[in-house]
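Colleague: Take this structure, written in structure tokens, and hold onto it; I'll ask about it next.
In the numbering used here, the protein residues as written are 28 to 249.
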């Protein structure tokens, strides 16, 4: 599925995101109030470069926010990132929004308010991509035989509040660990999934499509 993304901020993270999304075949617009910032984008970048404030409605419209699948606010200031994320979500109705926050304590507060955030001291541009792209699995490791993979697996939101054993029962894969607010968490039989948990699972390589189908759908009734 080819979709459109708008990125606010053409620093190192913003430029990396823009190129990563373009390499995946998506269309991208990058917004920055400093036109010199676009020098970070190579000549191979084919997206739209928009000079202006990322929370200005006219600027966002020029960047194609009306048709955007996702928006990432990765500028240098926490306040501008949060304001832009709220404008895009509340004014333009884009639900797939991520904001970069330097203060991890504030990041947790905003996440609990329903604004997905990335604290840059802990998480990387890859984590922003995981929250922008459509749900699925992303392989992180494959054993030398090619038969076993460790993958990051997206979940339907209705899995939140259920024990991790339900994931294993539904997918026949093993939960290796969770990432919770940027920190790795070992799981037990009693571990319950929380909102914004990132799930990492071990599975047979051939089973990956079935695992993805099972966990991006609503959990089956017991």
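By construction, the Cβ of each residue, glycine as well, lies at the ideal position given by its N, Cα and C atoms.
Taking the alpha carbon of residue 31 as the reference point, which residue from 111, 88 and 143 has its own alpha carbon closest?
Modeller: The option with the nearest alpha carbon to residue 31 is 88.
Colleague: Enumerate in chain order the residues of its own chain whose CB-to-CB distance from residue 114 is below 8 Å, with the five nearest sequence positions on each side excluded.
Modeller: 82, 84 and 87
Colleague: Is the beta carbon of residue 40 less than 8 Å from the beta carbon of residue 169?
Modeller: no
Colleague: Can you tell me whether residue 215 is buried or exposed? The criterion is at least 16 other CB atoms within 10 Å of its CB, across all chains shown.
Modeller: exposed
Colleague: Which same chain residues, not among the five before or five after residue 166, have their C-beta less than 6 Å away from its C-beta?
Modeller: Taken in chain order, the residues that qualify are 176 and 178.
Colleague: Of the choices 72, 79, 49 and 234, whose alpha-carbon is the least far from that of residue 62?
Modeller: 79
Colleague: Using only alpha-carbon positions, find the residue among 119, 104 and 105 that is nearest to residue 97.
Modeller: 119
Colleague: Whole angstroms is fine: what's the gap from residue 65's alpha carbon to residue 123's?
Modeller: 24 Å
Colleague: How big is the Cα-Cα spacing for residue 209 and residue 50?
Modeller: It is roughly 26 Å from the alpha-carbon of residue 209 to the alpha-carbon of residue 50.
Colleague: Extract the residue ranges of the alpha helix (DSSP H) inside the segment 185-209, only unbroken runs of 4 or more that lie entirely within it.
Modeller: You should have 191-198.
Colleague: Looking only at its own chain, which residues have a Cβ that is under 6 Å from the Cβ of residue 261, when we skip the five neighbours before and after it?
Modeller: Examination of residue 261 is not possible in this model, given that the chain is present from 28 through 249 alone.
Colleague: Please identify the residue among 213, 164, 34 and 247 whose C-alpha is closest to the C-alpha of residue 185.
Modeller: 247
Colleague: Quick one: what's residue 76 bridged to in DSSP?
Modeller: Among the bridge pairs identified by DSSP, residue 76 is matched with 57.
Colleague: Comparing alpha-carbon positions, which option in 93, 235 and 102 lies nearest residue 44?
Modeller: 102
Colleague: For residue 36, count neighbouring Cβ atoms within 10 angstroms of its own Cβ and tell me buried if that reaches 16, exposed if not.
Modeller: By the 10 Å Cβ count, residue 36 comes out buried.
Colleague: Residues bridged to residue 177 by DSSP?
Modeller: 168 and 229
Colleague: Tell me which residue opens and which closes the alpha helix (DSSP H) that residue 128 is part of.
Modeller: Looking at the DSSP string, residue 128 is not in any alpha helix (DSSP H); the run it does join, the beta strand (DSSP E), is 124-128.
Colleague: Taking residue 43 as part of the alpha helix (DSSP H), name the residues at either end of that continuous run.
Modeller: 39-50
Colleague: Restricting to Cα atoms, I'd like to know which of 75, 106, 164 and 206 is closest to residue 239.
Modeller: 164
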